[in-house]
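Before any comments, here is the structure.
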Amino acid sequence: MLELRLVQGSLLKKVLESIKDLVNDANFDCSATGFSLQAMDSSHVALVALLLRSEGFEHYRCDRNISMGMNLGNMAKMLKCAGNDDIITLKADDGSDTVTFMFESPTQDKIADFEMRLMDIDSEHLGIPEAEYHAILIMPSAEFARICKDLSSIGDTVVISVTKEGVKFSTRGDIGTANVVCRQNTTVDKPEEATVIEMPEPVSLTFALRYLNSFTKATPLSNTVTISLSSEIPVVVEYKIAEMGYIRFYLAPKIEE
Amino acid sequence: VNQQSQITSFFSKM
Numbered sequence: 001m002l003e004l005r006l007v008q009g010s011l012l013k014k015v016l017e018s019i020k021d022l023v024n025d026a027n028f029d030c031s032a033t034g035f036s037l038q039a040m041d042s043s044h045v046a047l048v049a050l051l052l053r054s055e056g057f058e059h060y061r062c063d064r065n066i067s068m069g070m071n072l073g074n075m076a077k078m079l080k081c082a083g084n085d086d087i088i089t090l091k092a093d094d095g096s097d098t099v100t101f102m103f104e105s106p107t108q109d110k111i112a113d114f115e116m117r118l119m120d121i122d123s124e125h126l127g128i129p130e131a132e133y134h135a136i137l138i139m140p141s142a143e144f145a146r147i148c149k150d151l152s153s154i155g156d157t158v159v160i161s162v163t164k165e166g167v168k169f170s171t172r173g174d175i176g177t178a179n180v181v182c183r184q185n186t187t188v189d190k191p192e193e194a195t196v197i198e199m200p201e202p203v204s205l206t207f208a209l210r211y212l213n214s215f216t217k218a219t220p221l222s223n224t225v226t227i228s229l230s231s232e233i234p235v236v237v238e239y240k241i242a243e244m245g246y247i248r249f250y251l252a253p254k255i256e257e
Numbered sequence: 258v259n260q261q262s263q264i265t266s267f268f269s270k271m
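Which chain is which? The protein sequence lines are B and V, in order.
Numbering-wise (the numbering used here), the first sequence opens with residue 1 and increments by one.
Numbering-wise (the numbering used here), the second sequence opens with residue 258 and increments by one.
See below:
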């Protein structure tokens, strides 16, 4: 028996909005520690890893480890029917091939339940090694989204270079070139507006902007985004989810041939 | 030219 009750149902709504266009079908894994997902996009260039820890749920019952295959587009359609302030409960009986989403309005005067068929998805988990990053950026998530959106109107790849001066996002295309430099800025009145650069050493990597733009769909989840870079390995773009977990996007770099 | 690499060449299947 599985029953997960999330008072801040809007978090699950936002999670689905941020991954449904990147990944079509995925397995949600439920265990005593929490509700998680790991999936690659269809071209195996990006990977998303989601974790919602069990303590973040008001009620978390998971009798045994279970993996539920879902079509994320259909799941997003059902979650769109939940109000932003609704409590969302996810239920599945042992051995059943469906999952039920229950939406309760805050005043408990409206209760809806949506049942969705589960799918068999044979996806293998990838081992993600803990890496020492050459540069870690923490910046306002809206700012990062704006930069990715603006640069993608000029070119389709971005070179992200981190030096002690700051971080530079560069692109070029048919109509010309664009460079955006963000300097470390910790003299802000609200901590979430700071741009922090931890850079043990300079690094420069090239990525496809369309994936970064897809990752920024997670912007509503967190005021800040953490971008961890190291030469020749995938970048990690992480959005924290309230006090309960995170959504991490990994993107393989474009390598000079 | 920049060749797009794949995530599977960095993270091994468990």
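Where a beta carbon is used, it is the ideal one built from N, C-alpha and C, also for glycine.
From a predicted model like this one, the values you see are computed outputs, not experimental measurements.
Runs of the beta strand (DSSP E) spanning 3 or more residues and lying entirely within the region 117-201 of chain B occur at 135-140, 157-162, 166-173, 176-183 and 196-198, in chain order. Among the CB atoms of chain V, none fall inside 9 Å of the CB of B/Ser-231.
Between B/Lys-217 and B/Asp-21, the C-beta gap is smaller than 9 Å, which places the two residues in contact.
A straight line joining the alpha-carbon of V/Gln-263 with that of B/Thr-107 spans about 48 Å. Within its own chain, the residues whose Cβ lies closer than 7 Å to the Cβ of B/Ser-214, once the five positions on either side in sequence are excluded, are Asp-21 and Leu-22, listed in chain order. Annotation for B/Val-225: the continuous beta strand (DSSP E) segment containing it runs 224-229. Distance from the Cα of B/Glu-130 is smallest, within the candidate group B/Pro-234, B/Leu-52 and B/Gly-73, for B/Pro-234. Looking at B/Leu-221, B/Gln-38 and B/Ser-231, the one whose alpha-carbon comes closest to that of B/Gly-9 is B/Leu-221. The three-state reading of DSSP puts B/Met-40 in strand, counting E and B together.
Contact between the region 132-140 of chain B and the region 98-112 of chain B is not established, with fewer than three Cβ pairs separated by less than 8 Å.
Interface annotation, B/Glu-3: not in contact with chain V, CB-CB separation never under 9 Å.
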